[in-house]
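From first to last, the protein sequence lines are chains R and Z. Residue 23 is where the first sequence starts when you use the numbering used here, and the numbers rise one by one after that. Residue 13 is where the second sequence starts when you use the numbering used here, and the numbers rise one by one after that. Even glycine gets a Cβ: it sits at the ideal position worked out from N, Cα and C.
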Amino acid sequence: MCVSVRPPQPVTFEELAMPLFGQLYNFAHWLAQNREEAEDLVQETYTKALRGFGSFQPGTNFRAWMYRILRNTFLTSRTGLKATMTVPLEDEEDAANLPAADTKTPEAILIDRSNQELLRSALEELPTRFREILLLCEVEEMSYQEIAETLVIPIGTVMSRLSRARAALRAAVQQKLQKV
Amino acid sequence: MACEEWRGQLDGYLDGELSAEAMRLLDAHLRTCPACAADALARLQFKRSVKAAGVRFEPSADFRNKVQRKIASKPRRSWSLGWTFATAGLAMLLVAGLITNYIGGQSLRREQTYRELADLHVATLGSTNPVDVVSTDRHTVKPWFQGKIPFTFSLPELQNSEFSLVGGRVAYLGQTAGAHLIYQIRKHEISVFLFPEGSANQVLGSDSGVQRRQTFNVETWTQGGLRYIVFGDAAADDIRNLSNLLKSAS
Numbered sequence: 023m024c025v026s027v028r029p030p031q032p033v034t035f036e037e038l039a040m041p042l043f044g045q046l047y048n049f050a051h052w053l054a055q056n057r058e059e060a061e062d063l064v065q066e067t068y069t070k071a072l073r074g075f076g077s078f079q080p081g082t083n084f085r086a087w088m089y090r091i092l093r094n095t096f097l098t099s100r101t102g103l104k105a106t107m108t109v110p111l112e113d114e115e116d117a118a119n120l121p122a123a124d125t126k127t128p129e130a131i132l133i134d135r136s137n138q139e140l141l142r143s144a145l146e147e148l149p150t151r152f153r154e155i156l157l158l159c160e161v162e163e164m165s166y167q168e169i170a171e172t173l174v175i176p177i178g179t180v181m182s183r184l185s186r187a188r189a190a191l192r193a194a195v196q197q198k199l200q201k202v
Numbered sequence: 013m014a015c016e017e018w019r020g021q022l023d024g025y026l027d028g029e030l031s032a033e034a035m036r037l038l039d040a041h042l043r044t045c046p047a048c049a050a051d052a053l054a055r056l057q058f059k060r061s062v063k064a065a066g067v068r069f070e071p072s073a074d075f076r077n078k079v080q081r082k083i084a085s086k087p088r089r090s091w092s093l094g095w096t097f098a099t100a101g102l103a104m105l106l107v108a109g110l111i112t113n114y115i116g117g118q119s120l121r122r123e124q125t126y127r128e129l130a131d132l133h134v135a136t137l138g139s140t141n142p143v144d145v146v147s148t149d150r151h152t153v154k155p156w157f158q159g160k161i162p163f164t165f166s167l168p169e170l171q172n173s174e175f176s177l178v179g180g181r182v183a184y185l186g187q188t189a190g191a192h193l194i195y196q197i198r199k200h201e202i203s204v205f206l207f208p209e210g211s212a213n214q215v216l217g218s219d220s221g222v223q224r225r226q227t228f229n230v231e232t233w234t235q236g237g238l239r240y241i242v243f244g245d246a247a248a249d250d251i252r253n254l255s256n257l258l259k260s261a262s
């Protein structure tokens, strides 16, 4: 019997990291909320990640690793510290503490293209911990496991925080729609 | 189970995070409960709106190049090691610089090609007439391309798969004409591009499975003188399955 084994592909940091550049920049801009800081964040993330690439375990999730570095860099930046310090601490988040199902009518949370700016502004105004988890889930389409690895929180907390974030965004959108 | 309990699972259902059994049970409930089905639809619409609103900021080409140069740069040797060694080092640096430039250029061209493909995919799906030949029958779609593109190709039988063919159109990549086919799986539309293998697309490299490019999932390979690119926002597994069907048909 002939068994062929494909030799492992040599992968460089650049090959792994550059395809993520656009996504990481988008995420950084949402966190920092301005171009200059987003560029600093991304540049620092790539520099740190390149330096630490030797310690990266092949086969583990590279994307979650890069997002984790970016987020940690943000949290220790001036804007990040300000954002986390001005947000009140939340009650213990765990799977057993999930909020009740959303009771708003489906019509109320329907959003068409013309309201996209309204949705963007509601997203901008959300607390960072809600904004980042929504972006990781909806925009980056990360699994709950990947989000847990990125934010370094248990999966139960991912579920409860995501649920709260969605409810907060719906409420913010409804509030804005009523003002229009 | 009461509707309230089913609704508590809707987000996990739409995020694809329920077990296969829970997914099947909720799916069955949604087929019989219009209120829960409407709620699920509204949540799905909301997810899509957040996704559309969330993809907002793009880095400038200058900034991208700056970071790319930074991570591709190599450390330099010290002059104190002597002229002979320095000369050899300089020669090596020149070669390394040329290689780095070449790799950097390759990488940049690859990203540009993926950006062009993303434009083709999005512009087509956003068009009121996304395809020029509308048919789910591969025996109608394939002959339509005769005389329009400089090659022929085979399409897979889809009867036992979740995929359906929507239709096709002629597309251009690097001034080369090719086939652009649209397939559908559940609510996702996937573009399949076929071009003659050549300089415009060789920068995409060999088959290395499903990759994430420009926020889309992509698989590309060459086979029988053709470059295949499977491109879309469907899950990586769906992109892989459609790629495998195409590979087995060729």
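Would you please state the rounded distance, in angstroms, between the beta carbons of residue i and residue j? I believe it to be under 8 Å.
i: Z/VAL242; j: Z/LEU216; result: Contact flag wrong, Cβ pair sits at about 12 Å.
i: Z/LEU167; j: Z/SER176; result: In fact, because the Cβ distance is near 12 Å, the residues do not count as touching under 8 Å.
i: Z/SER234; j: Z/PRO208; result: With the sequence shown as reference, residue 234 of chain Z is identified as Thr, and Ser is not the correct amino acid for it. No, Z/THR234 and Z/PRO208 are not in contact; Cβ-Cβ is about 10 Å, not under 8 Å.
i: Z/THR227; j: Z/TYR240; result: Rounded, the Cβ-Cβ distance is 21 Å, inconsistent with contact.
i: Z/ALA54; j: R/GLN138; result: About 17 Å separates the two Cβ atoms, so there is no contact after all.
i: R/GLU163; j: R/ALA86; result: That pair is no contact at about 13 Å.
i: R/ILE91; j: R/LYS70; result: 5 Å
i: Z/ASN213; j: Z/THR125; result: 7 Å
i: R/LEU72; j: Z/ILE197; result: 37 Å between Cβ atoms; not a contact.
i: Z/PHE165; j: Z/ALA183; result: The pair is not a contact, with the Cβ atoms about 13 Å apart (cut-off 8 Å).
Confirm, please, whether the CB-CB distance from residue j to residue i is below 8 Å.
i: R/THR67; j: R/LEU46; result: yes
i: Z/VAL79; j: R/ASN48; result: no
i: R/LEU140; j: R/LEU191; result: no
i: Z/ASP144; j: Z/ARG181; result: yes
i: Z/ILE202; j: Z/LEU254; result: yes
i: R/GLU36; j: Z/SER119; result: yes
i: Z/PHE205; j: Z/LEU185; result: yes
i: R/ASN83; j: R/GLU168; result: yes
i: Z/GLN57; j: Z/LEU38; result: no
i: Z/GLU128; j: R/GLY44; result: no
i: R/PHE96; j: R/LEU63; result: yes
i: Z/ILE263; j: Z/VAL178; result: The question about residue 263 of chain Z has no answer, for chain Z in this structure spans 13 to 262.
i: R/GLU58; j: R/THR101; result: no
i: R/ARG151; j: R/ARG188; result: no
i: R/ALA144; j: R/LYS198; result: yes
i: Z/GLU29; j: R/SER185; result: no
i: Z/ASP245; j: Z/HIS200; result: yes
i: Z/ALA47; j: Z/CYS15; result: yes
i: Z/PHE75; j: R/GLU61; result: yes
i: Z/ARG19; j: Z/ASP51; result: yes
Can we count residue i as close to the ligand GDP, meaning its CB is less than 7 Å from some heavy atom?
i: Z/CYS48; result: Within the structure as shown, the ligand GDP is missing, as the structure has no ligands at all.
What alpha helix (DSSP H) runs, 4 residues minimum, are completely inside the stretch 60-107 of chain R? Every alpha helix (DSSP H) stretch that sits fully inside the stretch 60-107 of chain R and reaches 4 residues is listed by chain position as 84-97, 100-107.
Does the contact criterion of 3 or more C-beta pairs under 8 Å hold for the stretch 49-68 of chain R versus the stretch 152-172 of chain R? yes
Can you check the stretch 137-185 of chain Z for any alpha helix (DSSP H) of at least 4 residues that lies completely inside it and give the ranges in chain order? 150-156
Any contact between the stretch 20-29 of chain Z and the stretch 39-57 of chain Z? By contact I mean 3 or more CB pairs, one from each, below 8 Å. yes
Is the stretch 220-230 of chain Z close to the stretch 243-253 of chain Z, with three or more CB pairs under 8 Å? yes
Using a Cβ-Cβ cut-off of less than 9 Å, list which residues of the stretch 73-85 of chain Z approach chain R; keep chain order. PHE75, ARG76, LYS78, VAL79, GLN80, LYS82, ILE83, ALA84
Looking at chain Z, which residues of the stretch 59-86 of chain R have a Cβ within less than 8 Å of any of its Cβ atoms? Residues ALA60, GLU61, VAL64, GLN65, TYR68, THR69, LEU72, ARG85.
For the stretch 56-73 of chain Z, which residues have a beta carbon sitting closer than 7 Å to at least one beta carbon of chain R? Going along the stretch 56-73 of chain Z in chain order, one finds GLN57, PHE58, LYS59, SER61, VAL62, LYS63, ALA64, ALA65, GLY66, VAL67, ARG68, PHE69, GLU70, PRO71 with a Cβ nearer than 7 Å to chain R.
In the stretch 170-182 of chain R, which residues sit with their C-beta less than 8 Å from some C-beta in chain Z, listed in chain order? MET181
Taking a Cβ distance cut-off of 7 Å, strictly less, list which residues of the stretch 144-157 of chain R are near chain Z, in chain order. So the list reads LEU145, LEU156, LEU157, given in the order they occur along the chain.
Contacting positions in the stretch 14-43 of chain Z - beta carbon closer than 7 Å to chain R: GLU16, ARG19, GLY20, ASP23, ASP27, GLU29
Give the residues from the stretch 198-220 of chain Z that approach chain R closer than 7 Å (Cβ to any Cβ), ordered along the chain. SER220
Pull out every residue of the stretch 217-243 of chain Z whose Cβ sits closer than 7 Å to any Cβ of chain R, in chain order. SER220, GLN223, ARG224, ARG225, GLN226, THR227
If you scan the stretch 147-186 of chain R from start to end, which runs of the alpha helix (DSSP H) of 4 or more residues do you find wholly inside it? 150-156, 166-173
Going residue by residue through the stretch 202-236 of chain Z, where are the continuous beta strand (DSSP E) segments of at least 3 residues, counting only ones entirely within it? 223-225, 228-235
Contact residues within the stretch 174-200 of chain Z, judged by C-beta distance below 7 Å to chain R: none
When you check each C-beta in the stretch 190-202 of chain R against every C-beta of chain Z, which residues fall closer than 9 Å? LEU191, ARG192, VAL195
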